[in-house]
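Line by line, the protein sequences are chains B and G.
In the numbering used here, each residue's number is its place in the first sequence (first place is 1) plus 172.
In the numbering used here, each residue's number is its place in the second sequence (first place is 1) plus 544.
Each residue gets a CB set at the ideal place from its N, CA and C atoms; glycine is no exception.
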Amino acid sequence: MLSGFFFYLFSAMVVASAFMVITARNPVHGVLFLILAFFNSAGLFLLLGAEFLAMILVIVYVGAVAVLFLFVVMMLDVDFAELRAGFIKYLPFGATVGIILLIELIMVLGGWAISPELKSTVAAPFKAAPNITNTEAIGRILYTDYVYFFELAGLILLVAMIGAIVLTLRQKEGVLRQDISAQVARTPATSIEVKPVKPGAGL
Amino acid sequence: MSVLMQYAPLLPEIVLAVGTLVLLLVGAFSSNRSSVTVTWLSLILMVITAGLIIYQSSETVEMFNKTLIIDSYGRFIKILILIGSGVALFMSIDQLRQSQILKFEYAILVLFATLGMLLMVSANDLISLYLGLELQSLALYVVAAFRRDSVRSSEAGLKYFVLGALSSGMLLYGASLIYGFTGSTTFPQIAAVLQESGTNLGLIFGLVFLISGLAFKISAVPFHMWTPDVYEGAPTPVTAFFAAVPKIAAMALFVRVALTAFPSITSDWQQIVVFISIASMGLGAFAAIGQTNIKRLMAYSSIGHMGFALVGLAAGSVDGAKGVIIYLAIYLAMTLGTFACILAMNRSEGLVENIDDLAGLSQNNLPMAFLLAMLLFSLAGIPPLAGFFAKFYVFLAAIKADLYALAVIGVLASVVGAYYYLRIIKVMFFDPPAEPFEPMSGRLKLVLGVSGLFVLLFVVSPAPLVTAAEIAAKALFL
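Written out as structure tokens, the structure reads:
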């Protein structure tokens, strides 16, 4: 009963905030609504018993991706009014994609309604050992059976990072940078010049 | 201690990976002048890795739940890859400096690409195949665009990246279909399921996509279109590396996948391999004729050579696999030697890459002209040079497997292909001399000399290479 209540609460919030993402006039508000949608989807995952996915969603999507969006929206001068201008022009195309998706959903759900025995062909959910959270279950195989894949994926990400730095980082000339050791190493002899000043004459 | 001992067969790769990370730190925390030091240390690291591979015991070990296999086949190919990467890096240090891309990251990325290649020829599972391939490709995309201020180099990198991502997508789609229809990702298990239950349409569909992805990596027709542009756009030292090493690794992977995961449905993949083999040989022979840029010409030449190597795979037998392995070894020697000459095409204004620049080379630098002519004769497959034997073993395997048409078309394609190699020789020996090149560096002379000796003397004692290739090929059929 209570989980039913939370399910409808979370899903209503996801739908409402997803709607706000595409309708909000201020793009910053749009991104904030996106974050709200992510949080509510995480709630839905929790209700399904997939707490690991819920955590990942919050950490990766809210913590990294959405914040990155926020930076992009705030730092880059994107003219959103101009982007929206083509809305009517792209409407037929978008509507076609939407209708195709709707038909596919109806076919999937309708298939279950028409022949209920189809449900039994869907693979049964994997039953984890009791008293083990699914985070622990994933951790147990990720760092044992799949440690090779895990480490290799780490190397691939490292290569991607090196590549991004090699191809884009430029040492700009003429930019003032703080050099703490140079500042500390300054002595009166190198930074102060004593000039004899005659009284009343100025410099 | 005993827990760690189970990782002992992977020691060469672990040493290479850890060493690369250490060199990355060395490069990152030292001044800009450390590039040369890091490059030399990378070479030493490759030599150590190769030594560890050579001194491994010759048994077959499966690791990490059978997702990785260490066997004689893998060891042979790994040695070839390390020789290729090492020599490509060794001979191009001067040219890297000249094209202002001698940064320590270059050596690091080459090391990562090499690591990816070593792991991918050991792949015994669709996931480890993909991860190894991707580690290799990602490093190669960056290396192709390494001269970032040059539009052509950036274009080459971008083109390679976009098309490479497309091919990875196809490969993954095929892999997921194969997993879906066999219920396993490891090659022996896939083979066992196919042996038991036979094939079906969904699996063939997946197989076609998987082969398309792999064909892209070896640049076989119809997935070759990136090759000439990338080879021409990338800096010449990078092109030398591209032409020699990743091709070998991807071809070796292709052979392993076809022969260990799908041995019971040979007739299904054989027709695909026959088609891409004929198409590659044909395109390699005809499209190279009109080229004026020697790097573009070498790109078409490498497409053709991959077509010839695929003839051996199409046979699907121990002899065929042996033929492919010998072909790859000889191809490596010929390509490195030829690129040593291309890297020596160096005038005061920089590296030049037109065939016309070679005009009258025989009068300016007879030894270089002679050796390059010999390597080109070998690439064309003229006996008694090594290139002839490479083709001989794959065609022999094809004939034993009753693929007469394929063998005949292959021979005809190699006759057509001989024309454009001979044209370069004509330009070198009979055209009025152009402005001479700068003197060749000692390292290039060494590489060119060794490769020339190999090509010339292979006929005297082919036994060591052929025996080693036979042992390696048999490991695939256990």
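Segment limits, beta strand (DSSP E) that includes E606 of chain G:
Element bounds for E606 of chain G: 605-607.
Under 8 Å from the C-beta of L324 of chain B: neighbouring residues of chain G
Contact note: L324 of chain B reaches chain G through L663, S672, L675, G676, L679, using a C-beta cutoff of 8 Å and chain order.
Chain-ordered chain G contacts of D317 of chain B [CB-CB under 7 Å]
Listed along chain G, the residues sitting closer than 7 Å to D317 of chain B by beta-carbon distance are N609.
Given that I334 of chain B touches chain G, what residues does it touch there, using C-beta distances under 7 Å?
Near I334 of chain B (Cβ distances below 7 Å), the residues of chain G are E649, I652, L653.
Within chain G, partners of Y320 of chain B - CB distance below 8 Å:
The answer, in chain order, is M607, F608, T611, L612, S672.
Under 8 Å between C-beta atoms, does V331 of chain B make it to chain G?
At least one C-beta of chain G is nearer than 8 Å to the C-beta of V331 of chain B.
Cβ shell of A884 of chain G (< 6 Å), same chain only, five flanking positions each side left out:
Cβ within range, chain order: M635, L988, V991, L992.
With 16 as the cutoff for other CB atoms within 10 Å, does V305 of chain B come out buried or exposed?
It is worth fixing the name first, because residue 305 of chain B is Thr in this sequence and not Val. The residue is exposed, with fewer than 16 neighbouring Cβ atoms inside 10 Å.
Burial state of A373 of chain B (16 or more Cβ within 10 Å)
With fewer than 16 Cβ atoms within 10 Å of its Cβ, A373 of chain B is classed as exposed.
Give the straight-line distance between the Cα atoms of M247 of chain B and I194 of chain B, rounded to the nearest whole angstrom.
Rounded to whole angstroms, M247 of chain B to I194 of chain B spans 20 Å at the Cα level.
Straight-line gap, L827 of chain G to F819 of chain G (C-alpha atoms, nearest Å):
Roughly 12 Å between the two C-alpha positions.
Opening and closing residue of the alpha helix (DSSP H) in which L670 of chain G lies
First-last of the alpha helix (DSSP H) with L670 of chain G: 670-688.
Amino acids of chain B, ordered along the chain, whose beta-carbon sits closer than 7 Å to that of V532 of chain G:
The structure shown does not extend to residue 532 of chain G, since chain G is modelled only from 545 to 1022, so the question has no answer here.
In angstroms, rounded to a whole number, what distance separates the CA positions of V356 of chain B and T362 of chain B?
Each residue's alpha carbon lies about 12 Å from the other.
When burial is assigned at 16 or more other CB atoms within 10 Å of the CB, is E345 of chain B buried or exposed?
With fewer than 16 Cβ atoms within 10 Å of its Cβ, E345 of chain B is classed as exposed.
DSSP three-state call for L348 of chain B: helix, strand or coil?
Residue state, collapsed to three classes: coil.
By the three-class DSSP mapping on this structure, what secondary structure does R891 of chain G have?
In the three-state reduction of the DSSP assignment, R891 of chain G falls in the strand class, which pools E and B.
Specify the secondary structure class of A858 of chain G as computed by DSSP and reduced to three states.
Correct three-state label for A858 of chain G: helix.
What residues in the segment 688-710 of chain G bring their beta carbon closer than 9 Å to a beta carbon of chain B?
The segment 688-710 of chain G vs chain B, Cβ under 9 Å: A689, F690, R692, S698, G701.
Which of the three DSSP states is assigned to L168 of chain B in this structure?
Lying outside 173 to 375, the shown extent of chain B, residue 168 of chain B is not represented and no answer is given.
Would you kindly work out how many angstroms separate the C-alpha atoms of P553 of chain G and M664 of chain G, rounded to a whole number?
Going by the C-alpha atoms only, they are around 15 Å apart.
List, in chain order, every chain B residue whose beta-carbon is nearer than 8 Å to that of V960 of chain G.
Under the 8 Å cutoff, chain B gives no residues; its nearest Cβ is about 39 Å from V960 of chain G.
From the DSSP output, in three-state form, read off I762 of chain G for me.
Annotated three-state conformation of I762 of chain G is coil, per DSSP.
Under DSSP, the beta strand (DSSP E) around L612 of chain G begins and ends at which residues?
Membership of L612 of chain G in the beta strand (DSSP E) is indicated by the continuous run 612-614.
Can you check whether the CB of A332 of chain B is closer than 8 Å to the CB of L682 of chain G?
Against a cut-off of 8 Å, the Cβ pair of A332 of chain B and L682 of chain G comes out as a contact.
Any beta carbon from chain B within less than 8 Å of A793 of chain G's own beta carbon?
Chain B, which has no Cβ nearer than 8 Å to the Cβ of A793 of chain G, makes this no.
Given L646 of chain G as reference, the closest of B:S183, B:V338, B:S353 once Cα atoms are compared:
The shortest C-alpha separation from L646 of chain G is found at B:V338.
In whole angstroms, give me the CA-to-CA distance for F620 of chain G and E557 of chain G.
When rounded, the distance between both Cα atoms is 14 Å.
C-beta contact flag for L872 of chain G and A796 of chain G at 8 Å:
Going by C-beta atoms, L872 of chain G is nearer than 8 Å to A796 of chain G.
In chain order, which continuous runs of the beta strand (DSSP E) of length 3 or greater are located wholly inside the segment 822-866 of chain G?
Inside the segment 822-866 of chain G, DSSP marks no whole beta strand (DSSP E) run of 3 or more residues.
Quick check on N668 of chain G: buried or exposed, where buried means 16 or more other Cβ atoms within 10 Å of its Cβ?
N668 of chain G counts as buried, since at least 16 other C-beta atoms from the protein chains shown sit within 10 angstroms of its C-beta.
Separation of S213 of chain B from Q815 of chain G, as counted between CA atoms
Roughly 48 Å separates the two Cα atoms.
For the alpha helix (DSSP H) that contains V737 of chain G, what are its first and last residues?
Judged by DSSP secondary structure, V737 of chain G falls within the alpha helix (DSSP H) whose first and last residues are 731-741.
Flag this pair as yes or no: are the beta carbons of A1016 of chain G and Y617 of chain G separated by less than 8 Å?
Remark: C-beta atoms of A1016 of chain G and Y617 of chain G approach each other more closely than 8 Å.
Taking the continuous alpha helix (DSSP H) assigned at I722 of chain G, which residues delimit it?
Start and end: 695-726.
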